[in-house]
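Numbering-wise (the working numbering), the sequence shown opens with residue 2 and increments by one.
Okay, so here's the structure we're looking at.
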Amino acid sequence: MLTVAPDSSVAATPTVPKTVYIETFGCQMNHADTEVVLARLEEDGWRRVTALPGANLVLYNTCAVRDHAEAKIRGRLGELRLLKAAQPGLAIGIMGCMAQREKQALIKRFPYVDLVVGTDQFVHMPQLLERVVAGETVVETAFEDFEERSWTATRSSDINAWVPVMRGCNYNCTYCVVPFTRGREKSRDPAQIEQEVRALTAKGFVQVTLLGQTIDAYGKTLGDGTTLARLLERLHAIEGLQRLRFVTSHPLDITDELLDTMARLPKVAKHLHVPAQSGSDRVLRLMGRRYTVADYLRLVERARHRMPAIELLSDFIVGFPRESDEDFAGTVALMEAVRFAGSYTFMYSQRPGTPAAHLADDVPIAVKKARCNQLLDLQLVHQGEAYRTLHGAVRQVLVEGISKSDATMLHGRSEGNLNIVLPLSDAQGRARTHLIGKIVPVRITHSTSLTLFAQPLAEA
């Protein structure tokens, strides 16, 4: 049973402080959900720790998009079995998409887990933990409408803030668990979003990234004519906000209104993450994506007509059931035609409960790996060639902080989404930390296939 310090400053018996270790897997929405959980727990007196030995509550915020993601969680839970035996007061909680998908099955497989919390119930974490303290094993996965306070979060950065503007998805792609792990679409009120973003800029945040599983569909459930384009207009007017981003897009929901708005508003990043998933019409039909390759290419043309320098990012799934060599060649051809600024490639993973689970997973794993590597290599070739054309060019970079991979460099992103780094110290050895949080003009000096290197324009 979890034992924590009571609210009273006087306790009859020694108790353990409220300390929580939380690890997040998966997409930006999961990270935003973690920030909400931390805010709820802090209100209830919990303190976050960065290592397991210092915690009496362990939470894993999980992803269920691919089996590989769930396998990581199963591995983590296996490792905790001995720790739980040695520390009976330790509480273990699973939240997020895997919790929503498996529900009671997690408790049956890992009986030492105390708490399973779905994708809408995590906002009630303090109340759920009270039941754990009372000795109950808790499983809560019902969907519900969020109250506005449910979105309040403890931010992990002071430059960029993730702001969910909608949850769920109505598309039901045949490979995807999101519709039944996140539920149906529901959009937030734009006035409430504006209030949150104003509060964030007042605290010093300079960039906001709006989140939604299919964010271009934002506003449909409100029924009052609200659209993502109109929300961008509204937020763009906020003083102190320097850059606006949004992810992730579905090709069918990107309207001319949205593209025109992106092109016109200088604070809106010239970047679209719009997964194509395949370059084969036959496979797209099997995936339930509702568009053709020609439709996707028309979207690219529409976007580039308005914003010639727009950076397009895609996702691809290789080895989907029945994907032939000819189908895969179509994906290669699509990549060659578009030449994306970036792409993520994944091997198909059969997900229980999805419509595609009824299709035989008939592409051998060796073929999946070869196709995945071919697309990864092709993307690096395209990026390397594109980056070399930028040598000597000037870009406006929002400096986000010190590079996580090289403490001698600052890193930031362009007005699109290019990863650009510049030396932390100037020629006199003085640290340029004053640039963090500012948009700085830089000149590109050289590049690798993954990174662009630059100098502040005054020093280039």
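Built from N, CA and C at the ideal position, the CB exists for glycine as well.
These numbers come from a predicted model, not from an experiment.
Check	Outcome
How is Asn161 classed by DSSP in three states: helix, strand or coil?	strand
Whole angstroms are fine: how far does the CA of Arg189 sit from the CA of Thr409?	41 Å
Hey, out of Ala100, Glu137, Pro127 and Glu103, whose CA is closest to Asp115's CA?	Glu137
Short of 6 Å in beta carbon distance, which residues of its chain neighbour Leu360, apart from the five on each side in sequence? Order them along the chain.	Pro322
Name the residue from Ser250, Thr249, Ala218 and Ile194 whose alpha carbon lies nearest to the alpha carbon of Ile239.	Ile194
Under 6 Å Cβ to Cβ from Gly94, same chain only, skipping five residues before and after it: list those, please.	Leu60 and Leu116
What runs of the beta strand (DSSP E), each 3 residues or longer, lie entirely inside the region 240 to 270?	244 to 248
Going along the chain, which residues of its own chain have a beta-carbon closer than 8 Å to the beta-carbon of Leu451, five neighbours each way excluded?	Leu381, Gln384 and Asn420
Which residues in the same chain have their Cβ closer than 6 Å to the Cβ of Arg246, if we skip the five residues on either side of it in sequence?	Thr210 and Ala270
What residue does the beta strand (DSSP E) around Leu1 start on, and which one ends it?	In the structure as shown, the chain begins at 2 and stops at 461. Residue 1 is therefore absent and cannot be evaluated.
Indicate the three-state DSSP secondary structure (helix, strand or coil) for Gly79 in the structure shown.	helix
Check this for me: beta carbons of Leu259 and Leu232, under 8 Å apart or not?	no
With respect to the alpha helix (DSSP H) encompassing Leu58, which residues constitute its N-terminal and C-terminal limits?	Here Leu58 belongs to no alpha helix (DSSP H); instead the beta strand (DSSP E) covers Leu58 to Thr63.
Could you work out which residue in Glu71, Cys28 and Ala154 is closest to Arg41 when comparing CA atoms only?	Ala154
From Arg414 to Arg433, what does the alpha carbon distance come to, in whole angstroms?	16 Å
For Gln214 and Gln429, I'd like the C-alpha separation in whole angstroms.	46 Å
The beta strand (DSSP E) with Thr20 in it runs from where to where?	Thr20 to Thr25
Could you give the distance in angstroms between the alpha-carbon of Ala200 and the alpha-carbon of Val164?	12 Å
Does the contact criterion of 3 or more C-beta pairs under 8 Å hold for the region 358 to 375 versus the region 316 to 333?	yes
Around the Cβ of Ala218, are there at least 16 other Cβ atoms within 10 angstroms (buried) or fewer (exposed)?	buried
Name the one or two DSSP bridge partners that Met410 has.	Pro424
Quick one, are the C-beta atoms of Gly97 and Thr51 less than 8 Å apart?	no
Could you spell out where the beta strand (DSSP E) holding Pro180 opens and where it closes?	No beta strand (DSSP E) holds Pro180; the alpha helix (DSSP H) holding it covers Val179 to Thr182.
Determine the burial state of Pro7: buried for a count of at least 16 other Cβ atoms within 10 Å of its Cβ, exposed for fewer.	Interpretation of Pro7 is limited by its pLDDT of 49, a score under 50 that renders its predicted location unreliable; the figure taken from the coordinates is listed afterwards. Pro7 comes out exposed.
Using 8 Å as the cut-off, can you tell me whether the region 370 to 377 makes contact with the region 340 to 354, which would need three or more C-beta pairs spanning the two stretches below that distance?	yes
Count the other CB atoms within 10 Å of the CB of Ala334; is the residue buried (16 or more) or exposed (fewer)?	exposed
Kindly indicate which three-state DSSP category Gln101 falls into: helix, strand or coil?	helix
From which residue to which residue does the beta strand (DSSP E) around Pro442 run?	Ile440 to Ser448
Just verifying my parser: in three-state terms, what is the DSSP assignment at Ile437?	coil
The beta strand (DSSP E) with Gly402 in it runs from where to where?	Val395 to Ile403
Is Arg150 helix, strand or coil when you go by DSSP?	Note on Arg150: pLDDT 48, under 50, position unreliable in the model; the coordinate value appears next. Reduced to three states, the DSSP call for Arg150 is helix.
In this structure, does DSSP put Gly94 in helix, strand or coil?	strand
Can you say whether Thr182 is buried or exposed, counting buried as having 16 or more other CB atoms within 10 angstroms of its CB?	buried
Determine whether the beta carbon atoms of Val207 and Arg244 lie at a separation below 8 Å.	yes
How many Å lie between Gln397 and Asn418 at the Cα?	11 Å
Report the partner residues of Ala432 according to the DSSP bridge assignment.	Ser426
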